[in-house]
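Have a look at the structure below before the remarks.
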Amino acid sequence: NFTINQTLSPGSHILKIRYLGDGNFNTFVFNDPQYTTVTIYKGLSTSTIQSISPNPGFVNQTFTISGNVVPTNGAGNAGGGFANFFEVTSGGTILQQLNTNPIQVDNAGNVSFQTNSLGAGTHYVIVSYLGNNLLEPSTSSSSSFVIKPAPTATSMVLNGTSTTITYGTNITLLISVVTTRTGDPIVLPLPGPVDVMLDDTNVFLQGTIDSAGHLTLNTNQIPGGDHTLYARYNFSGSNPNYLSSDTSSNKL
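Each residue of the sequence shown is one higher than the one before, starting from 1023 at the first, in this note's numbering.
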């Protein structure tokens, strides 16, 4: 009797015994049907979302999503395989693949992805391991993270006039909107609506800022009397990625 310990790769293997002989016996091979077919299956894998940072964060901030893949039974290695990250609904339905190309898993089973393209709200993500020559594919349960709207600041100046003007005189309003979040650099607000309020209650002028956060408005329709003007960015909330903000009042 004898025992041999040997690691075999996944697949079907035919095992035969060859006796090498000694001084009394010749070499002998046990032929068909004295052989055994052994099938080695790939090991199962378990995928998890390890961390999402920052959480919560802000629109346009870079988020790092980290996953991990391990052998379910402790045998095998996820290294050399690839994984994809998906945004899903709270119920697990896939909405979109976040990475363009599959991302390689390292020998420790770690894989990560960075994104800054998601809008404000609560997001759910999963990592899906594609398997390798030793381990079967697996998909994690979902993890959530929150992206907050970016805070903004709106300013307005009267260009080329004093605060005392004659009725019918044309005035130019120069309006600027910037984000005010500190930390990682983020882009200026996307184009969005600006309302100019007359005497705190009435929408007097409307416009849309450009991609640089600027808007110029002209008017000669301010009625006679003492008035205040201020501008509000995103008054209607039509751009959910940015919070509304008001200018200080300009007295005329």
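Think of the CB as a built atom: it goes at the ideal place given N, C-alpha and C, for glycine as much as any other residue.
CB contact flag (residue i, residue j, <8 Å)
| i | j | result |
| --- | --- | --- |
| I1197 | L1251 | no |
| I1071 | I1148 | yes |
| T1086 | S1162 | no |
| F1080 | I1169 | yes |
| I1036 | Y1063 | no |
| T1144 | S1164 | no |
| Y1146 | S1067 | no |
| A1142 | P1262 | yes |
| P1124 | A1100 | no |
| Q1136 | T1084 | yes |
| G1102 | N1154 | yes |
Where residue i falls, given that 16 or more other Cβ within 10 Å makes a residue buried
| i | result |
| --- | --- |
| T1231 | What sits at residue 1231 in the sequence shown is Ile, not Thr. With 16 or more other Cβ atoms within 10 Å, it is buried. |
| F1047 | exposed |
| L1157 | buried |
| V1225 | exposed |
| L1195 | buried |
| G1214 | buried |
| T1186 | exposed |
| S1267 | buried |
| L1030 | exposed |
| P1117 | Sequence check: residue 1117 is Leu here, not Pro. Label assigned to L1117: exposed. |
| V1127 | buried |
| T1188 | exposed |
| D1217 | buried |
| V1199 | buried |
Start and end residues, beta strand (DSSP E) containing residue i
| i | result |
| --- | --- |
| Q1136 | N1132 to T1137 |
| V1060 | T1058 to I1062 |
| Y1264 | Here Y1264 belongs to no beta strand (DSSP E), and DSSP marks it neither H nor E. |
| V1149 | G1143 to Y1151 |
| Y1252 | T1250 to Y1255 |
| K1170 | S1165 to K1170 |
| G1089 | F1085 to P1093 |
Supposed close pair residue i, residue j - CB separation, criterion 8 Å
| i | j | result |
| --- | --- | --- |
| N1138 | N1082 | 6 Å |
| A1172 | R1203 | 5 Å |
| N1272 | G1190 | Not quite, the Cβ-Cβ distance comes to about 19 Å (not below 8 Å), so this is no contact. |
| N1095 | G1131 | About 14 Å; that fails the 8 Å criterion. |
| L1220 | H1249 | 6 Å |
| S1160 | S1034 | Incorrect: roughly 24 Å between the Cβ atoms, too far for contact. |
Distance cut-off 7 Å: residue i Cβ against heavy atoms of the ligand MG
| i | result |
| --- | --- |
| F1085 | No copy of the ligand MG appears in this structure; indeed no ligand is present at all. |
key: the stretch 1164-1184 / the stretch 1254-1273 touching (three or more Cβ pairs under 8 Å)   = yes
task = Flag this pair as touching only if the stretch 1112-1121 and the stretch 1089-1102 have three or more C-beta atom pairs under 8 Å; answer yes or no.
result = no
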